[in-house]
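Following numbering that gives the first Met the number 0, the numbering of the sequence shown begins with 0 at its first residue and continues without gaps.
Notes for the one structure printed next.
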Amino acid sequence: MERDLDEEIAYHVARRVEEEIARGVEPTEARRIAIRAMEGIEQHKEACRDMRRTTPVEDLIRDLRYAARSLLRSPAFTAVTLLSLALGIGANTAIYSLIDKLLVESLPVENPRELVMFQPEGYRSGWIMDRSNVSYPLYRGLSEAQDGFTGLLAERSDNASMEYNGVTQRVAIAAVSGNYFQVLGVRPAAGRLLSPDDNRTPGAHPVAVLTHGFWRERFGADPAIAGRSVRINGYPFTIAGVAQSPFNGLEVGGTLDVIVPAMMLRQVTTYGDALESRSSYIFNLYGRLKPGVTRAGAEARLQPLYLAQVEQDVAAAGARGPSDDRWRESKVHLVDGRRGTSRLRSTLQTPLTALLAMTVVVLLIACANIAGLLMARSAARAKEIGIRLAIGASRRRIARQLLTESLLLAAAGGLLGLLVANATLRALVAQAGESGQRLLAVIGFLDTRVLGVAFAASLITGLTFGVLPALRASRQAAVHLKAGASSERAGHVRLRKALVTAQVALGIVLVAAAGLFQRTLQNLRTTETGFEASHLAQFSLNAGYAGHQPAGTAVLFDRILSGLRAIPGVESATAATFPIFANSHVNFWLEVEGYNYAENENRSCVSNALAPGYFRIMGMKLLRGRDFAASDARNAPRVTIVNETFARKYFPNRDPIGHRIRLSWGLGTRYSYEIVGVVKDARLANLRDAPERNFFMPLAQWDPLNSAVFYVRVRPGGVSADIRNTVQRLAPAIPITGYRTIEQQIDRLLTPERLVASLSLAFGLLATGLAAFGLYGVTAFSVARRTREIGIRIALGAQRSTVLGMVLTDVGRMAAFGIAIGLALSLALSRYVESQLFGVAPRDVATLAAAALLLSAAALFSGWLPARRATRVDPVRALRQD
């Protein structure tokens with residue numbers, strides 16, 4: 000037989016019982032009538048017993064069929080449950096997939112747990128790209144002397160231009176030590192990889208390795224790619240091979256395309272001298288621990304070797320005297336390197352953690368909603384289940400069938416959740432702008448591990464909120480066949496109300512958090528920057544792509560600035576080494592004339608190199624002294640301008656004009672700069688942090704000059720086409736990159752805050768909707784249970800307004816308890832979001848009050864609909880109910 004007959008019999012008997020009771024027949028008599036009406040009932044029961052002697056697979060298929068038919072008979076219940084599950088599971092799956100890739104997953108290399116990353120602490124004097132970087136001579140010194148590692152590797156990333164078959168494009172390139180792939184344990188997908196022999200002599204081995212993704216994208220996965228020739232920054236290279244997938248360098252979320260030997264640095268950049276410079280801290284340093292060597296043990300062995308290298312750095316920089324003895328306190332720390340580095344990770348770690356917490360709360364609210372729905376459904380089916388028990392079905396059989404329905408719902412909700420997860424990821428990509436494509440490259444599609452998490456979430460949800468209702472329904476269904484029995488016990492009603500109260504409380508937490516993040520985003524957008532951002536455009540040029548050296552680059556950039564200023568509609572133009580609002584800068588270890596440093600005081604200061612007119616174009620007021628001029632050329636006396644914070648720190652009671660600062664970089668040469676001006680503070684790195692101690696140098700005196708960011712103040716109307724044409728005419732071999740307005744740059748800077756604000760708002764509204772629906776469901780069910788009572792009250796003369804107030808009072812009580820608990824939770828959890836806020840207190844009264852008001856309005860509306868229905872109860876029909 001195709002159908003499970005005892006299930007069909009139970010369904011039709013239950014329907015007949017309900018029809019007879021509606022006609023006024025007593026429940027016991029109605030049951031007898033219904034059973035007598037079923038012809039051949041004994042034969043049907045015998046058929047049911049025969050069907051029990053089937054295989055487990057057949058039983059499962061039959062259970063699934065009946066579960067599907069049962070759910071289709073209740074489309075409203077099924078739709079709401081699936082929607083709740085899909086939203087809860089989908090949101091969690093999307094955020095978890097991001098966290099898994101950026102924060103959890105290890106690099107795709109051999110035994111990634113053995114990798115460590117070097118993080119120096121202490122003396123640094125020179126060109127510091129990042130506080131964790133080291134110089135190449137230091138890497139070589141440690142690599143030759145260490146004994147706790149199977150190998151050390153160095154990596155330096157940058158951009159370059161690559162020409163192949165007459166087509167030139169921008170690529171991300173890494174200059175690495177020769178043992179790079181050997182230490183990582185990465186194998187080739189085609190050809191060969193770099194070896195130590197490729198990195199022994201500067202400029203001797205122009206070979207390159209492609210990453211797997213770039214090979215597929217640019218070369219169509221050509222299996223004969225090895226041996227082909229390309230030009231990188233105008234220099235000929237031979238492609239040696241392709242790295243295996245999915246390896247893409249040591250920066251998670253990066254877009255590495257080409258890997259070359261570090262000894263080819265001079266050919267692919269304009270700062271090739273850094274290979275011999277002990278004061279150019281531009282390389283990341285990794286190591287693989289030897290078997291049996293712990294990180295702490297390797298660090299202890301490394302300290303004297305590192306200190307010996309620092310001593311050579313000090314000697315190369317020419318530092319002398321007692322004040323420089325602090326270099327002896329320098330240390331190197333070894334940190335877990337299995338997850339590599341990631342700018343995306345540092346930017347999105349805290350926002351993603353906050354969003355994950357929000358999605359978990361959404362899932363909890365959805366689960367509470369589903370639990371209430373299942374309880375109501377089991378109560379509504381009590382008579383049907385009781386009749387099935389009476390005609391021979393076992394409690395175990397009933398519980399199994401109900402549990403099958405719950406698991407089928409969970410599975411369907413999980414599948415829909417994958418669609419929601421994919422849509423959420425696409426929304427994240429859209430919100431992230433240019434970084435979104437990197438995010439998508441990191442995540443790919445939902446992989447096996449993420450799919451497993453989605454499946455586990457669906458299974459746990461189905462079991463958690465399917466087992467208890469199933470067992471309860473099978474145990475107590477017979478009670479509901481008694482005349483006048485309530486369809487649900489008071490204890491179960493209280494449990495449903497408690498679940499709704501919990502939904503309101505969690506909804507308050509999410510809505511309050513959404514309000515705080517929205518206000519943070521608004522405060523950041525309106526914060527005072529210290530310069531004029533309107534009608535200001537920027538773009539980048541890298542002369543190193545065309546093989547220009549620093550001296551020629553300075554002349555070229557001057558010519559381009561003159562051309563830009565001559566464009567109709569352009570008010571003025573200038574340039575700088577590092578862009579604003581990109582968290583991009585360079586640090587130098589300074590000595591300031593006349594300032595006595597305290598013990599262990601940080602000497603690092605942020606710097607940027609600027610073309611003349613930068614402060615005027617930006618609207619940054621020059622407080623005293625002079626601006627940079629064309630006379631501040633490459634070979635002219637070196638000068639600098641400092642900001643207010645710098646002047647207050649080092650010259651609290653003196654005029655800084657005329658004093659000197661000293662630093663060393665390049666090949667260890669020490670430079671002395673005369674302070675010629677003081678400029679007003681401005682937020683240049685980001686919008687959150689107060690201005691740092693900044694000093695600025697003339698662009699022409701920036702020794703490794705190879706690229707610059709150009710700023711153009713334009714009149715309303717836009718002249719981007721004229722700007723591009725002018726640059727192309729003056730520098731046809733150099734592509735324009737990153738053309739955008741400063742307003743667009745601010746939007747890029749605020750990507751994490753915008754992600755959190757927009758998604759938290761969506762989650763807050765979703766939580767409000769789920770809480771409102773939960774209130775509506777429990778109130779509507781309560782009204783249905785009390786229909787007879789309400790009818791009696793109306794028959795005895797109760798006013799409709801009294802009935803309305805009675806129902807709304809119950810709703811208000813649940814909402815009030817939920818809001819109170821939610822506000823308490825918000826206050827208790829506020830400290831966890833404090834680091835993400837700006838310009839608003841984590842316990843902001845106005846935000847909490849707005850959240851409470853929103854949930855109160857939603858509760859009032861959701862309770863008013865069933866309350867109004869209660870006022871329209873017909874007393875005569877109500878009194879005829881059992």
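Note that the Cβ used here is the ideal one computed from N, Cα and C, for glycine as well.
Where the beta strand (DSSP E) through residue i begins and ends
i, result
"His211", "His211 -> not in any beta strand (DSSP E); alpha helix (DSSP H) instead, spanning His211 to Phe218."
"Gly240", "Tyr234 to Ala242"
"Gln727", "From DSSP, Gln727 is part of no beta strand (DSSP E) but of the alpha helix (DSSP H) over Ser719 to Leu729."
"Trp588", "Val585 to Trp588"
"Thr639", "Val638 to Asn642"
"Asn601", "That residue, Asn601, is in no beta strand (DSSP E); it is neither H nor E in DSSP."
"Arg169", "Val166 to Val175"
Own chain residues within Cβ distance below 7 Å of residue i, not counting five before or after
i, result
"Glu162", "Val229 and Arg230"
"Tyr135", "Ala153, Ala261, Ala273, Leu274 and Phe282"
"Pro187", "Gly240, Val241, Ala242 and Gln243"
"Leu363", "Leu505"
"Ala542", "Thr552, Leu555, Asn705, Ser706 and Ile733"
"Leu859", "none"
Neighbourhood of residue i by C-beta, 6 Å cutoff - its chain only, sequence neighbours within 5 removed
i, result
"Phe762", "Met357, Val361 and Leu509"
"Thr167", "Ser160"
"Ser485", "The predicted position of Ser485 is uncertain, since its pLDDT is 45 and thus under 50; no value can be drawn from it."
"Phe886", "Residue 886 is absent from the structure shown; the chain starts at 0 and stops at 881."
"Arg191", "Ala239 and Gly240"
"Gly817", "Thr500, Val503 and Ala504"
"Ala608", "Thr576, Met696, Leu698 and Trp701"
Contact set for residue i: own chain, Cβ-Cβ below 8 Å, skip 5 residues either direction
i, result
"Arg867", "Leu803"
"Arg739", "Ala536, Gln537, Phe538 and Arg747"
"Ala66", "Gln400, Thr403, Glu404 and Leu407"
"Ser329", "Pro119, Glu120, Gly121, Tyr122, Tyr305, Leu306 and Val309"
"Ile98", "Leu351, Thr352 and Leu355"
"Leu494", "Met374"
Of the residues the options, the one placed nearest residue i, counting alpha carbons only
i, options, result
"Phe282", "Ala189, Asp129, Val419 and Met262", "Asp129"
"Ala869", "Tyr594, Ala779 and Leu193", "Ala779"
"Asp335", "Thr519, Glu104 and His204", "Glu104"
"Tyr831", "Ser781, Thr349, Tyr649 and Arg653", "Thr349"
"Gly908", "Ala93, Val844 and Arg723", "Beyond the ends of the chain as shown, which are 0 and 881, falls residue 908; an answer cannot be given."
"Leu288", "Ser69, Asn198 and Phe148", "Phe148"
"Ala370", "Gly291, Ala203 and Val79", "Val79"
"Thr767", "Arg842, Ala426, Ala850 and Ala610", "Ala850"
"Arg344", "Thr519, Arg139 and Leu101", "Leu101"
Supposed contact pair residue j and residue i - C-beta distance, whole angstroms, cut 8 Å
i, j, result
"Ile616", "Arg712", "5 Å"
"Ala730", "Ile559", "6 Å"
"Val170", "His211", "Val170 to His211, Cβ: 14 Å. No contact."
"Ser606", "Phe709", "Contact flag wrong, Cβ pair sits at about 19 Å."
"Val718", "Gly612", "The Cβ separation is near 18 Å, so there is no contact."
"Leu333", "Arg300", "Wrong, their Cβ atoms sit about 10 Å apart, outside the cutoff."
"Val677", "Glu643", "7 Å"
"Pro549", "Thr268", "At roughly 11 Å, the Cβ-Cβ gap does not stay under 8 Å, so Pro549 and Thr268 are not in contact."
"Tyr670", "Arg637", "6 Å"
"Leu589", "Leu749", "About 31 Å separates the two Cβ atoms, so there is no contact after all."
Terminal residues of the alpha helix (DSSP H) in which residue i lies
i, result
"Phe246", "Taken as a continuous stretch (DSSP letters only), Phe246 belongs to no alpha helix (DSSP H), as it is neither H nor E."
"Asp58", "Pro55 to Leu71"
"Glu527", "Where Glu527 is concerned, there is no enclosing alpha helix (DSSP H), given that its DSSP letter is neither H nor E."
"Ser276", "Looking at the DSSP string, Ser276 is not in any alpha helix (DSSP H), and its letter there is neither H nor E."
"Ser825", "Arg799 to Leu828"
"Pro865", "Val844 to Thr870"
"Ile88", "Pro74 to Ile98"
"Met617", "Tyr613 to Met617"
"Thr573", "Premise fails: Thr573 lies in the beta strand (DSSP E), Val569 to Ala575, not in any alpha helix (DSSP H)."
"Arg792", "Thr786 to Ala794"
*Between the stretch 334 to 344 and the stretch 742 to 750, do at least 3 Cβ pairs fall closer than 8 Å?*
No, because fewer than three Cβ pairs between the stretch 334 to 344 and the stretch 742 to 750 fall closer than 8 Å, the two stretches do not touch.
_Cβ pair count under 8 Å reaching 3, the stretch 808 to 818 against the stretch 769 to 776_ = yes
*Answer yes if the stretch 282 to 301 comes into contact with the stretch 106 to 118, meaning at least three C-beta pairs across the two stretches below 8 Å, and no otherwise.*
yes
_At least three beta-carbon pairs within less than 8 Å, the stretch 171 to 178 to the stretch 218 to 228_ = no
*asked:* Taking 8 Å as the cut-off, does the stretch 686 to 704 touch the stretch 634 to 652 (at least 3 CB pairs, one atom from each stretch)?
replied: yes
*asked:* Taking contact to mean 3 or more Cβ pairs, one atom from each stretch, closer than 8 Å, check whether the stretch 510 to 525 and the stretch 597 to 604 are in contact.
replied: no
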